[in-house]
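Student: Residue 612 in this note's numbering sits at position 612 of the first sequence, and the numbers go up by one each step.
C-beta atoms are modelled at their ideal positions from N, C-alpha and C, and glycine is treated no differently.
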Amino acid sequence: MEYNFGDIEKKWQQRWTADGTYKVTNDPSKPKFYVLDMFPYPSGAGLHVGHPLGYIASDIFARYKRLKGFNVLHPMGYDAFGLPAEQYAIDRGIHPAVSTDDNIANFRRQLDNIGFCYDWSRSFRTSDPDYYKWTQWIFLQLFDSWYDRKAGRARPITELESGFGKSGNVSHPCPGDPTIRFDASGWKGFDPARKQEILMNYRLAYCGLGEVNWCEALGTVLANDEVIGGVSERGGYPVVKKKLRQWYLRITDYAERLLEGLQTVDFSDAMKEMQTNWIGKSHGAEIDFEMFRYPSAEKLRVYTTRPDTIFGVDFMVIAPEHELVEKITTPEQREAVDEYLVYVKSRSERERMAEKKITGCFTGAYAIHPFSGLHIPIWTSEYVLAGYGTGAIMAVPCGDERDFKFAQYFQIPVTNIIGEAFNGLEANPTKDAILENSDFLDGLVMKDAILIAIRKIEEKRIGIRKVNYRMRDAAFSRQRYWGEPFPITWHNSIAVPLDEKELPLELPYIDKYGPGPEGEGPLANISAWTARHLETNTMPGYAGSSWYFLRYMDPKNNETFCSRAASDYWGQVDLYIGGAEHAVGHLLYSRMWTKFLYDRGWIGYDEPYKRLINQGMIQGSSRFVYRLELRGTGDIEELSRQMPIFVSSGLAALDNNPQVHDLITQAVREFYGNYDIDLDFISFTPLHVDVNIVDGFDLDLTAFRQWRPEYANAQFILEEGKYICGSEVEKMSKRLYNTVNPNDLVKKYGADAYRMYEMFLGPVEQSKPWDTKGIEGVFRFIRKLWRLFYDETKGKVWTMDTATEAEWKCIYRTIKKAEDATERFSFNTGVSALMIGVNELTDLKCHKKEVLEKLVVILAPYAPHLAEELWHLMGNAGSVLDAAYPAVEERYLVESVKNYPIAINGKTRTELNIALDATQEQVEEIVLADETVLKWLDGNPPKKVVYVKNRMINVVV
RNA sequence: GCGGAUGUGGCGAAAUGGCAGACGCACCAGACUUAGGAUCUGGAGCCGCAAGGCGUGUAGGUUCGAGUCCUAUCAUCCGCACCA
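Laid out in structure tokens, this is it:
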């Protein structure tokens with residue numbers, strides 16, 4: 001009886017579906033475990049072997065936890081709204097709903113082949129009205145909330161309003177516009193429109209005018225994390241800054257908690273670091289400088305992290321977009337400044353980043369140094385960003401690289417306040433130098449001077465200590481069709497939320513996706529939409545993915561997004577698996593939404609993911625062929641087009657070698673007839689070739705000729721009878737012909753072998769190039785394992801005999817190793833442990849049911865189909881997952897007795913006979929009972945016996 | 001420039017501070033075969049006929065003992081990047 005994985009795997013996949021094996025109920029009597037994959041965006045490209053890596057890992061862990069007695073929630077769904085589907089619609093005229101359907105069906109078909117244990121009854125898409133109803137609902141709650149900085153949490157906006165009626169906004173300064181100040185009577189005096197305008201400045205989801213990343217090619221605004229290096233993440237189109245009225249999430253109010261929360265979660269250091277950098281907290285001071293000859297009482301406010309360097313200020317710089325530029329520029333400088341502003345406007349974000357030119361212009365105005373009274377010129381330059389701090393800086397050239405270069409370029413004299421630490425040639429950003437020329441700070445070490453300077457500044461009431469965050473509020477609207485509509489109507493420029501009962505506000509069907517008038521989205525073209533004055537923007541992709549982990553807990557609930565009972569039972573996601581590319585997008589947003597839902601009391605925890613694992617990327621291992629390029633007599637170039645010649649990589653590498661030249665000349669004559677070729681013009685063009693027609697590095701010549709019509713007559717110059725391809729590790733991509741389709745592997749080796757091999761490749765977190773060859777080894781292992789149970793000729797070989805001591809030892813050791821590895825998330829060693837176990841059992845010729853049954857259970861997470869089949873063939877009912885994970889009997893782990901060295905006070909003295917894998921207690925007993933040791937110790941018992949694995953015993957006297 | 005991660009055979013890799021290279025690929029030999037790109041058995045880090053020596057990027061340090069811990073350095077990959 002041979003192992004027929006094709007039939008067996010299909011059978012079990014059908015049985016699992018029919019029996020509802022993976023259906024999970026909210027059963028409070030069992031301990032829970034929540035394993036979640038980052039749900040996919042269903043793109044049309046189809047899966048390659050890189051995609052299922054994380055899904056396989058989470059599947060193994062989910063099955064393992066279930067065997068360990070947990071009620072495991074392991075769902076899957078689709079992040080179905082988003083830009084690419086809409087771009088596809090514009091390019092091909094296929095409605096996003098249709099292409100998304102197709103892609104999801106295709107995706108599901110591919111996933112089902114691999115045999116995952118998802119509870120599909122809980123599945124949904126973010127584009128389902130039943131789902132986005134609650135995305136819209138949460139948005140309305142964000143709209144209806146403000147952040148109480150005193151209490152450190154979000155509260156309903158009505159509470160703010162009633163507070164305004166009692167005491168104005170003195171205790172709650174306006175986060176949107178700090179200049180808005182009023183008392184109770186002031187508030188009562190405002191008309192309703194003004195009141196709404198003010199409240200908008202407090203809302204956690206607010207609409208306001210702001211500088212946004214505008215992408216003309218995509219016709220939409222993008223969030224900061226969707227812009228990489230000045231171009232759009234999707235498509236790589238140019239992005240410019242533009243002032244637009246947009247929806248935002250006030251994520252900056254959560255900056256501090258997003259930072260603190262990182263200490264309570266188990267993410268990789270790299271991930272925490274990335275998020276910390278993105279939030280970009282810095283400590284410093286805001287300082288107000290009076291301005292010379294400027295008539296108004298207005299002051300120039302700068303932000304600095306180094307108030308200790310205040311006596312080194314040689315000039316001030318304000319961002320070109322700063323409102324003061326207009327006001328303070330003197331008539332003499334007016335022309336130059338205007339010219340400069342035009343220049344700055346003309347530069348795209350990208351040019352600005354790429355060129356890093358030193359540019360700027362003097363405004364003609366001067367600030368007055370608050371301590372020395374000196375007049376300091378005020379410049380404007382694009383190196384100061386309007387969006388950070390106050391958009392203005394005090395420049396200290398001796399301590400800051402950029403300030404120094406600027407001073408040099410514009411020949412501004414540099415004041416040295418750090419003596420020898422500054423060499424006059426480059427700035428020194430140290431905090432350890434001793435200050436000079438610094439009045440009351442003279443003689444102090446810089447890092448100590450920071451606090452003293454701040455204190456003095458605060459005393460003089462010219463500034464305050466200030467914490468700054470680099471993170472900006474998140475742009476939340478897109479001028480797009482394929483997203484959640486905002487449940488908002490506009491009446492006389494006042495945003496009015498829809499009533500909850502009107503949710504979901506369904507996305508209307510359209511067949512034209514072009515942008516609406518004046519930079520509005522496609523929804524602006526629908527008269528039924530604009531007739532109701534509905535908001536025409538839609539929400540960004542991250543809206544639906546910010547809370548989806550909660551919906552799986554209670555997916556069919558029509559009363560609420562997720563009942564409190566369900567979210568209390570399932571709690572945080574215990575294990576979240578996905579790519580690291582979502583570090584500053586999805587992960588930050590969903591952390592913020594979770595904190596918000598917690599603040600308002602709808603869930604009981606404020607971090608969504610307890611532990612996060614980032615699976616590595618599987619790179620493609622590309623293969624190359626080398627086409628010979630010829631020049632010579634007659635129509636040789638035309639001939640080489642019709643009958644291209646490919647040279648094996650080893651020969652192509654030696655293109656100047658005379659022997660290779662001879663070989664080529666000979667081959668050309670053979671293939672083309674008697675041509676003379678110009679040896680000086682020989683070259684090779686490397687071309688990607690489909691990895692699927694290459695075995696290792698050997699090209700399958702027949703398959704290559706069939707691959708593309710232009711290669712039908714291809715000829716080859718071989719080395720040692722083979723065509724050897726070149727190789728390079730690159731991103732896995734269709735374009736590079738280096739993708740490997742999991743379905744092909746499943747068909748050839750079975751899902752179990754494929755799953756195990758994908759794990760066997762190496763640690764889940766590590767990126768590594770794909771190599772198909774090794775799968776044979778795992779395939780052999782599976783057949784070897786099968787032969788413990790069934791023989792090709794003899795049929796059933798497993799017996800009811802009683803196992804020997806050696807066999808028990810073998811299986812328990814294997815269980816221990818597999819369990820430890822799985823627990824540590826080290827699935828490659830887990831697979832190895834199973835392989836070693838099977839090798840040993842084969843050597844022992846062990847076919848005993850009582851041993852093999854345990855093997856099947858620990859195999860179940862890794863090779864679920866095979867495990868189920870064997871479990872049933874041995875006469876068990878139900879799913880193997882409902883068996884208990886076998887407990888390890890310690891006594892079987894104790895093995896042979898060996899001599900071990902013993903060290904007393906650090907010196908190796910003697911050797912003792914101690915059982916391999918003896919416990920600490922056993923070792924102590926043996927040491928204390930040993931006469932030789934006691935003699936050395938003069939009969940005194942040792943203070944401590946340290947047993948170091950099975951190699952060494954340390955005795956401390 | 002700043003931050004993070006990783007450096008172990010021909011390759012993927014393993015190793016609570018305790019026999020480095022388990023397990024697998026590729027390779028070699030043998031068995032069975034008309035055949036082998038099937039299957040099984042065995043071999044194999046490197047140098048050396050051998051005894052033996054050398055070995056975890058490099059240089060130091062801690063330790064009875066270091067791939068593992070500490071310091072410096074180099075290389076590769078990833079992330080951020082005018083953030084004052």
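(1) Per the DSSP calculation, V496 is bridged to which residue(s)?
(2) Leaving aside the five residues before and after D400 along the sequence, list all residues of the same chain whose C-beta is less than 6 Å from its C-beta, in chain order.
(3) Starting from S640 and walking both ways along the alpha helix (DSSP H), at which residues does that stretch end?
(4) Taking the continuous beta strand (DSSP E) assigned at S879, which residues delimit it?
(5) Under 7 Å, do L507 and P485 count as touching if we go by C-beta distance?
(6) Quick one, which of L687, D690, M643 and D655 has its alpha-carbon nearest G673's?
(7) For G721, which option in V647, I613, G774 and K734 has the closest C-alpha, if you only look at C-alpha atoms?
(8) Exposed or buried, P156, counting other C-beta atoms within 10 Å across all chains shown (16 or more means buried)?
(9) In chain order, what residues of the same chain have a beta carbon less than 7 Å from the beta carbon of K817, not counting five sequence neighbours either side?
(10) Mind the definition here: the stretch 852-871 touches the stretch 734-753 only if three or more C-beta pairs lie below 8 Å; say whether that holds.
(11) Short check: CB of N537 to CB of S622, under 7 Å?
(12) Note down, in chain order, each residue of its chain lying with its Cβ closer than 7 Å to the Cβ of S826, except the 5 sequence neighbours on either side.
(13) Taking Y303 as part of the beta strand (DSSP E), name the residues at either end of that continuous run.
(14) In its own chain, which residues sit with a C-beta less than 8 Å from the C-beta of E807, not counting the 5 before and 5 after it?
(15) If we require 3 or more residues per run, which beta strand (DSSP E) segments fall completely within the stretch 259-295?
(16) Of all the options V170, A57 and G219, which has the alpha carbon lying nearest to the alpha carbon of E518?
(17) Work out the CA separation of E321 and L315 for me, nearest whole Å.
(18) Determine the direct distance from the alpha carbon of E792 to that of P861, and round the result to whole angstroms.
(19) DSSP state of P515, grouped into three classes?
(20) Under three-state DSSP, which class holds N201?
(21) Using the Cα positions of V414 and G463, report the straight-line distance between them to the nearest angstrom.
(22) Going by the CB atoms, is the gap between V221 and A475 shorter than 7 Å?
(23) Let's see if you can read the secondary structure: which residues bound the beta strand (DSSP E) around E805?
(24) So, with DSSP's three-state summary, where would you put E758?
(25) Does DSSP classify W482 as helix, strand or coil?
(26) Cβ atoms of A395 and V317: under 7 Å apart, would you say?
(27) Can you check whether the CB of I815 is closer than 7 Å to the CB of P886?
(28) Pull up the DSSP beta-bridge partners for S145, would you.
(29) Provide the residue span of the beta strand (DSSP E) that contains L612, from first to last.
(30) In three-state terms, what does DSSP make of R472?
(31) Return the CA-CA distance between Y343 and C215, expressed in angstroms with no decimal places.
(32) How close, in whole Å, do the beta carbons of Y958 and P178 come, if the pair is a contact with beta carbons under 8 Å?
(33) For the putative contact between F267 and L612, defined by C-beta atoms under 8 Å, what is the C-beta separation to the nearest angstrom?
(34) Over the uninterrupted alpha helix (DSSP H) stretch that includes Y626, give me the two end residues.
(35) Excluding five sequence neighbours on each side, which residues of the same chain lie with their C-beta closer than 6 Å to the C-beta of D308?
(36) Give the secondary structure of W137 by DSSP, where H, G and I count as helix, E and B as strand, and everything else as coil.
Tutor: Well, looking at it:
(1) T489
(2) A427
(3) I636 to Q642
(4) Per DSSP, S879 belongs to no beta strand (DSSP E) and is neither H nor E.
(5) yes
(6) M643
(7) V647
(8) exposed
(9) A833
(10) yes
(11) no
(12) P763
(13) L300 to T304
(14) L841, L844, C846, K848 and V851
(15) 281-292
(16) G219
(17) According to the sequence shown, residue 315 is Phe rather than Leu. About 18 Å.
(18) 26 Å
(19) coil
(20) coil
(21) 24 Å
(22) yes
(23) Unbroken run through E805 is the alpha helix (DSSP H), E805 to E823; no beta strand (DSSP E).
(24) helix
(25) coil
(26) yes
(27) yes
(28) P156
(29) L612 to N614
(30) coil
(31) 21 Å
(32) Since the displayed the chain opens at 1 and closes at 957, residue 958 lies outside it and no answer follows.
(33) 5 Å
(34) Looking at the DSSP string, Y626 is not in any alpha helix (DSSP H); the run it does join, the beta strand (DSSP E), is I618 to E629.
(35) M446, A449, I450 and A453
(36) helix
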